[in-house]
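Written below as structure tokens is the structure these notes are about.
Numbering (the numbering used here), first residue to last: 520 to 888.
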């Protein structure tokens, strides 16, 4: 597993822009074939395979794209003090290795009696792009015959059983340029935006009074989110009336909120102006008391000696694509969110082996009857 993780890290599958997807996909196909997985194939940029009898399927799903590195040295994996360093070590190439070897081990031990493990390896997770899980979902491939899904995101020892949704917009306002001394001849695009910004600020106050009932730490993180002006652009100089002004609205909704209603409210506030949708993704949640959740929790304790804590992920998760099909879905992986995407990303080597064992035991109990 450690060797596979190292070889995956060495492939600079950065996203954006989506580098080396072909190389990484081909490598994963070769590795799955070497381990005698069934039905190894490419679906666009995705890689699919399985072990065990069908059709009931427990999916092990993960992404092979990584965020851009701060240094090319991050694609030269190294182990120091029992930690594996490199881009994607935590998020989430160690998780891919763990789930692949877990599936192979369960098959080799003859523990798959009532279904199969489906392996789904996708790109484009880091940018919610069109070439990964979204593509499989739109084509009716993702989650077929699914009874559950696990994804090895860098959860730092907890289980994510829910995620926020996202409505991210860019609003653009237009005016007419004029010299400051003759601004009466122009139209100030920035000033045109102010009434809408004021309305959005009032919505923000109301939104932040709402709190999710799902576990998430600290307590302040329970509040629903509306971020204004994460990116703002406009004007050409201090002495020219701006002819164009734009800003972003990033609305992160809790699972209890309605995506359509929250989207409508934002669009109504910005009616008459140009609106570009950057993200539009639903929240999702699976009860911790679901059978798969209880089995996973039991084996986290049996392997680590720690009680499993279920929390809501503060961002998006690919579990949402499975939840939309009614498939119970959980995120649990060997990596650490605190170091993911950073210049010194690493994963404790011990965590990789523990995650593989937890996945194997969970699959064996889920599909062994």
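Note that CB positions come from ideal geometry on N, CA and C, so glycine has one too.
Inset, instruction - Could you tell me which of 738, 758, 712 sits nearest to residue 747, measuring between CA atoms? - result: 712
Inset, instruction - Starting from residue 746, trace the beta strand (DSSP E) both ways and give me its first and last residue. - result: 744-753
Legend entry - Cα-Cα separation between residue 532 and residue 647, rounded to whole angstroms: 15 angstroms
Legend entry - Alpha-carbon spacing of residue 605 relative to residue 613, whole angstroms: 10 angstroms
Inset, instruction - Give the C-beta separation of residue 668 and residue 578 to the nearest angstrom, bearing in mind that I take them to be a contact with Cβ-Cβ under 8 angstroms. - result: 4 angstroms
Legend entry - Which listed residue (680, 753, 582) has its alpha carbon closest to that of residue 735: 680
Legend entry - Where the beta strand (DSSP E) through residue 798 begins and ends: Annotation for residue 798: the continuous beta strand (DSSP E) segment containing it runs 793-800.
Inset, instruction - Determine, using beta carbons only, whether residue 799 and residue 686 come nearer to each other than 8 angstroms. - result: yes
Inset, instruction - Return the first residue and the last residue of the alpha helix (DSSP H) that residue 940 is part of. - result: No answer is possible for residue 940: the residues shown for the chain start at 520 and end at 888.
Inset, instruction - Put residue 688 into one of helix, strand or coil per three-state DSSP. - result: strand
Legend entry - Residues that residue 682 bridges to, as DSSP identifies them: Under the DSSP definition of a beta bridge, residue 682 partners with 803, 832.
Inset, instruction - Identify which residue in 567, 622, 555, 771 has its Cα closest to the Cα of residue 882. - result: Its Cα nearest to that of residue 882, the residue 622 stands out among 567, 622, 555, 771.
Legend entry - Residues near residue 551 by beta carbon distance below 8 angstroms, same chain, minus five either side: 559, 566, 568, 619, 638
Inset, instruction - Could you tell me which uninterrupted alpha helix (DSSP H) segments, each at least 4 residues in length, are contained entirely in the stretch 566-599, listed from first to last along the chain? - result: Complete alpha helix (DSSP H) runs here, min 4: none at all.
Legend entry - Span of the beta strand (DSSP E) around residue 636: From DSSP, the beta strand (DSSP E) with residue 636 extends over 635-641.
Legend entry - Terminal residues of the beta strand (DSSP E) in which residue 770 lies: Secondary structure note for residue 770: its beta strand (DSSP E) is the uninterrupted segment 763-772.
Legend entry - Residues bridged to residue 557 [DSSP beta-bridge criterion]: 569
Inset, instruction - Over the uninterrupted beta strand (DSSP E) stretch that includes residue 737, give me the two end residues. - result: First-last for residue 737: undefined, no H or E at that position.
Legend entry - Residue(s) in a DSSP beta bridge with residue 820: The beta-bridge partner set that DSSP reports for residue 820 is empty.
Inset, instruction - Taking residue 696 as the reference, give the member of 688, 689, 706, 690 with the closest Cα. - result: Measuring from the Cα of residue 696, the nearest candidate turns out to be 706.
Inset, instruction - Identify the continuous alpha helix (DSSP H) that holds residue 677 and give its terminal residues. - result: Premise fails: residue 677 is in no alpha helix (DSSP H) and is neither H nor E.
Legend entry - Member of 557, 554, 530 whose CA lies at the smallest distance from the CA of residue 544: 530
Inset, instruction - Assuming residue 745 contacts residue 723 (C-beta within less than 8 angstroms), just tell me the rounded distance between them. - result: 4 angstroms
Inset, instruction - Could you spell out the range, first to last residue, of the alpha helix (DSSP H) harbouring residue 782? - result: Its alpha helix (DSSP H) spans residues 778-788.
Legend entry - Pairwise C-alpha distance: residue 642 and residue 617: Between the C-alpha atoms of residue 617 and residue 642 there is a straight-line separation of about 18 angstroms.
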